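Presented below is the structure to which this report refers.
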Amino acid sequence: MTNELDHTNHESHGGHSPQGHRAGHDAGHRNTQPGGVLVSEHGYTLELDAPILGSGLQTVSFRIIGPDGQPVTEYQNVHDKELHLIAVRRDMAHFQHVHPVRDASGTWIIDLNLSPGVWRIFADFHPAGRGQPMTLGIDASVGGTYEPQQLPAADRTVQLGTYTVTLEGELMANEASELTFTVNRNDEPVTDLQPYLGAFGHLVALRIGDLAYLHVHPEGAPGDGQTAPGPKVSFFTIAPSGGTYRLHLDFQHEDTVRTAQFTVHATAAATS
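Heads up: take any position in the sequence shown, counting from 1, add 165, and you land on the numbering used here.
Structure follows, in structure tokens:
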């Protein structure tokens, strides 16, 4: 398990071995802080070329400015990519997890399908030579007629076409808990999930209100001899506070990545 709730903790962003995952899990519980609330941290700044965008398919370009004031051009791969970009409209109606392309000057470019409203753009990355990964966030305004949507009610089952994804477990504030997602198709368990970015699933949790960002990777890894390719994908996670969160589970089957989204409420851990 890789618990990436604390992006200031290098251990929690570590390797795929079960032993390494457990170590990160234990270390990350003592001081968990979400990422993505700040546009600048530890000397690094997320800089968008255009903070005001049109609706529809838009080319978005940005840079990570390093402590020397120059665009960062060297990164460490984390789960098969140098940088993960999450774009979410602030009312949680739209969500995208994509992987932009970087040129030699340090500029990243990606096409995003944007609807009118205010979007939060998260860059999840690990600069080369730095001991810890991080997540920075910035808002972008998309022009047009904005029709905000209510957050979907909490539910344990999500339907994605012929796929049904169910959630077991409780999200706890300041204490680890296990969340298990079960993937079925046409009422039959999916037992041949495909690796996606080095795992059978990726989970992004966003806290309602400030969109604090939590990125979690599951127990085990493809090819470790222990982890089955479905139908269950489990995550050990910890919420930084009580409140409402939106969970976004990415999984790949038959060469297509799908995202199941859940609204959950984090509760305070019981005290003895």
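Positions of the beta carbon are idealized from the N, C-alpha and C atoms, including for glycine. If you're wondering where the values come from, they're calculated on a predicted model, not measured in any experiment.
- In this structure the region 267-283 does not touch the region 386-405; the number of beta carbon pairs closer than 8 Å is below three.
- Apart from sequence neighbours up to five positions away, the residues of its chain that approach residue 256 with a beta-carbon distance below 7 Å are 282, 313 and 314, ordered along the chain.
- Residue burial is scored here from C-beta neighbours: residue 232 has fewer than 16 other C-beta atoms within 10 angstroms and is therefore classed as exposed.
- By alpha-carbon distance to residue 268, the top candidate from 384, 237 and 284 is 237.
- Going by DSSP, residue 246 is part of no beta strand (DSSP E) at all; its letter is neither H nor E.
- Per DSSP, the beta-bridge partners of residue 278 are 222.
- Between residue 401 and residue 344, the CB-CB gap stays under 9 Å.
- Per DSSP, the continuous beta strand (DSSP E) segment holding residue 349 begins and ends at 342-350.
- Between residue 287 and residue 201, the C-beta gap is smaller than 9 Å, which places the two residues in contact.
- Two segments are said to touch when three or more pairs of C-beta atoms, one from each, lie closer than 8 Å; by this definition the region 295-311 does not touch the region 259-273.
- By the criterion of at least three beta-carbon pairs nearer than 8 Å, the region 346-362 is not in contact with the region 290-301.
- DSSP places residue 411 in the strand class (E or B) of the three-state scheme.
- Contact check for residue 211 against residue 229 passes: the beta carbons are separated by less than 9 Å.
- Bounds of any beta strand (DSSP E) do not take in residue 257, whose DSSP letter is neither H nor E.
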